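Engineer: Before we start, here is the structure in question, set down as structure tokens.
Protein chains: 2
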Amino acid sequence: MESGFIAPLERLVEQFRRLPGIGYKTAVRLAFHMLEQPKEKAQEFASAVLEAKERIRFCKICQNISEHELCPICEDPGRDESLICVVEHSKDVSAIERVKEYRGKYHVLGGLISPMDGIGPADLKIAELLDRLKGDEVKELILATNPSVEGEATALYLSKLAKPLGVRVTRLAYGLPVGGELEFADEVTLSRAIEGRKEL
Amino acid sequence: MESGFIAPLERLVEQFRRLPGIGYKTAVRLAFHMLEQPKEKAQEFASAVLEAKERIRFCKICQNISEHELCPICEDPGRDESLICVVEHSKDVSAIERVKEYRGKYHVLGGLISPMDGIGPADLKIAELLDRLKGDEVKELILATNPSVEGEATALYLSKLAKPLGVRVTRLAYGLPVGGELEFADEVTLSRAIEGRKEL
């Protein structure tokens, strides 16, 4: 789109536009907002971006983002080492941690198996996961990948690898979201909720 | 909100959250997106922010953002100097320029008179506008501030200052948005559209 903006502004708009979920109009709004800020605010913003990229690396054990060689969860002796919850991204770890109920460890795959996008098992941190299953320590693997086609396929793939190692493999429950309304649930969710019904 | 993110990530989320229209969840998504980018992409982003702040200043004449002392519009001898379109922000200049119909000059106020927010005439580039009206050059001032209470008040204020200087003062037309539907127009717009009706 020809914007008629001067070059540095155009470049800033373009950069904002590359962010997920940010369209052209929002990018323009954000860029102008940045111009209206005092210089120090813009510098703070830019250095937060650079610092995050420089200081954040991946935990040697669970592949979660970390400031140090090991992440705080892997270093915590109070967490149950016999349980590993397998997730796609670091943000899924944060989501589960916010519930404050799970006391086991994690493993971050860094993606899902997706032949359409050219992502195979070798592109994910699966070898690192299997390494962790070699000892007798781990008793259960909770597969907490997304309830999507790729999430399902990845969970199935991992369960086939892990079961022969004598590890119990579980998957998060499907069903109606709490607080949701039955009439708005999609057919697949509803069918899974019926399938997974529990005796009262 | 307690996020449980490691510090550099938390700071990045906080920075994204300060942008207008970006809530907590979007800020988290954007921050993780930035972490997933290669380092060069994050650096490009950060330097676009810094460069925009460093290289962009305000045109000496019209107060529009500019890379040089004068903006391309003020420097263009092909633009009609007898017409000045007064707008709130630089983005309004871009909006009008995209229409490719207006061939006069601009004046960017940098805000609107708003006693509620403590913004008075002295906080805007009004003295600079009056300076431009001193010669005989300018014949018409088009007041293109937003159709809001503050935009109206600012337009009224400017018209009282400009009229005694022998300048024709006009305001953008109110009416139905083209392509809109009459039944969805609000009462004020509809009443203005009736008031401003034209003979066919």
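So the sequence lines, in the order shown, correspond to chains A and R. Under numbering that gives the first Met the number 0, the first residue of the first sequence is numbered 0, with each subsequent residue one higher. Under numbering that gives the first Met the number 0, the first residue of the second sequence is numbered 0, with each subsequent residue one higher. The beta-carbon is built from N, C-alpha and C at its ideal position, and this holds for glycine as well. Owing to the predicted nature of the structure, the values given are computational and were not obtained by experimental measurement.
Taking Cβ-Cβ distances shorter than 8 Å, what residues in chain R pair up with A/T25?
Structural biologist: One-based indexing of the first sequence puts residue 25 of chain A at position 26. What A/T25 touches in chain R: G20.
Engineer: Can you tell me whether R/D91 is helix, strand or coil according to DSSP?
Structural biologist: On the second sequence, position 92 is the one that residue 91 of chain R refers to. Note: R/D91 maps to helix in three-state DSSP.
Engineer: Smallest Cα separation from R/E39: which of A/S158, A/G117 and A/K52?
Structural biologist: Here residue 39 of chain R corresponds to residue number 40 of the second sequence, with the count starting at 1. Closest by alpha carbon: A/K52.
Engineer: I want to verify the contact list: residues of chain R whose CB lies under 8 Å from the CB of A/L32, in sequence order.
Structural biologist: As a working mapping, residue 32 of chain A is identified with position 33 in the first sequence. Checking the sequence shown, residue 32 of chain A turns out to be His, not Leu. Simply L18 and P19.
Engineer: Using a Cβ cut-off of 8 Å (strictly closer), state whether A/F44 contacts chain R.
Structural biologist: In the first sequence, counting from the first residue as 1, residue 44 of chain A sits at position 45. Chain R, which has a Cβ nearer than 8 Å to the Cβ of A/F44, makes this yes.
Engineer: Is the CB-CB distance between R/E149 and R/S190 below 8 Å?
Structural biologist: By one-based count along the second sequence, residue 149 of chain R stands at place 150. By one-based count along the second sequence, residue 190 of chain R stands at place 191. No, these two residues do not count as a Cβ contact at 8 Å.
Engineer: In this structure, does DSSP put R/Y105 in helix, strand or coil?
Structural biologist: Position 106 of the second sequence, counted from the start, is the residue given in the question as residue 105 of chain R. R/Y105: strand per DSSP, three-state reduction.
Engineer: In the DSSP assignment, what are the bridge partners of R/F210?
Structural biologist: Residue numbering for chain R in the displayed model covers 0 to 199; residue 210 of chain R lies beyond these limits and cannot be assessed.
Engineer: With a threshold of 8 Å between beta-carbons, can A/V107 be considered close to chain R, or not?
Structural biologist: Translated into positions along the first sequence, residue 107 of chain A becomes position 108. With 8 Å as the cut-off, A/V107 does not count as an interface residue toward chain R.
Engineer: Distance check for R/A94 and A/G119, CA to CA, integer angstroms please.
Structural biologist: Residue numbering aside, residue 119 of chain A sits at position 120 when the first sequence is read from its first letter. Residue numbering aside, residue 94 of chain R sits at position 95 when the second sequence is read from its first letter. Approximately 46 Å between the Cα atoms of the pair.
Engineer: Please list the terminal residues of the continuous beta strand (DSSP E) segment that includes A/S81.
Structural biologist: Reading the first sequence from its first residue, position 82 is the one you call residue 81 of chain A. Unbroken beta strand (DSSP E) run through A/S81: D79 to V86.
Engineer: Please report the distance separating the alpha-carbon of A/L142 from that of A/V168.
Structural biologist: Translated into positions along the first sequence, residue 142 of chain A becomes position 143. Translated into positions along the first sequence, residue 168 of chain A becomes position 169. Distance from the CA of A/L142 to the CA of A/V168, rounded to the nearest whole angstrom, comes to 7 Å.
Engineer: Using the DSSP secondary-structure output, state which residues sit across from A/T169 in a beta bridge.
Structural biologist: Start at 1 with the first residue of the first sequence, and residue 169 of chain A comes out as number 170. Beta-bridge pairing links A/T169 to A/I141.
Engineer: Have a look at R/K99, R/R97 and R/L164 and flag the residue whose alpha-carbon is nearest the alpha-carbon of R/D130.
Structural biologist: The sequence position of residue 130 of chain R within the second sequence is 131, counting from 1. Ranking R/K99, R/R97 and R/L164 by Cα distance to R/D130 puts R/L164 first.
Engineer: Please state the DSSP three-state secondary structure of R/I5.
Structural biologist: As a first step, residue 5 of chain R must be located in the second sequence, where it is residue number 6. Residue state, collapsed to three classes: coil.
Engineer: Anyone know if the C-beta pair for R/L49 and A/A45 falls short of 8 Å?
Structural biologist: Here residue 49 of chain R refers to the residue found at position 50 of the second sequence. Here residue 45 of chain A refers to the residue found at position 46 of the first sequence. Against a cut-off of 8 Å, the Cβ pair of A/A45 and R/L49 comes out as a contact.
Engineer: Among R/K104, R/H88 and R/E66, which residue has its Cα nearest to the Cα of R/P76?
Structural biologist: Residue 76 of chain R sits at position 77 when you count from the first residue of the second sequence. Ranking R/K104, R/H88 and R/E66 by Cα distance to R/P76 puts R/K104 first.
Engineer: Return no unless some Cβ of chain A is closer than 8 Å to the Cβ of R/L11.
Structural biologist: Your numbering for residue 11 of chain R matches position 12 in the second sequence. So yes, R/L11 belongs to the interface.
Engineer: Given a limit of 7 Å on CB to CB distance, which residues of the segment 48-59 of chain R reach chain A?
Structural biologist: Result list: V48, L49, E50, A51, K52, R54 and I55.
Engineer: In terms of alpha-carbon separation, which member of A/K133, A/F183 and A/E186 lies closest to A/E160?
Structural biologist: Taking the first sequence and counting its residues from 1, the one referred to as residue 160 of chain A is at position 161. Per the sequence shown, residue 160 of chain A should be read as Leu rather than Glu. Selected option, being the one with the closest Cα: A/K133.
Engineer: Taking the alpha helix (DSSP H) that A/A47 falls in, what are its first and last residues?
Structural biologist: Mapped onto the first sequence, residue 47 of chain A falls at position 48. From DSSP, the alpha helix (DSSP H) with A/A47 extends over K38 to R54.
Engineer: Determine the burial state of R/I60: buried for a count of at least 16 other Cβ atoms within 10 Å of its Cβ, exposed for fewer.
Structural biologist: As a first step, residue 60 of chain R must be located in the second sequence, where it is residue number 61. Buried: at least 16 other Cβ atoms inside 10 Å.
Engineer: Any idea if A/E1 is buried or exposed, counting beta-carbon neighbours within 10 angstroms, 16 or more meaning buried?
Structural biologist: Working through the first sequence from its first residue, we reach residue 1 of chain A at position 2. Caution applies to A/E1, whose pLDDT of 49 falls short of 50 and renders its modelled position unreliable; the model cannot decide the point.
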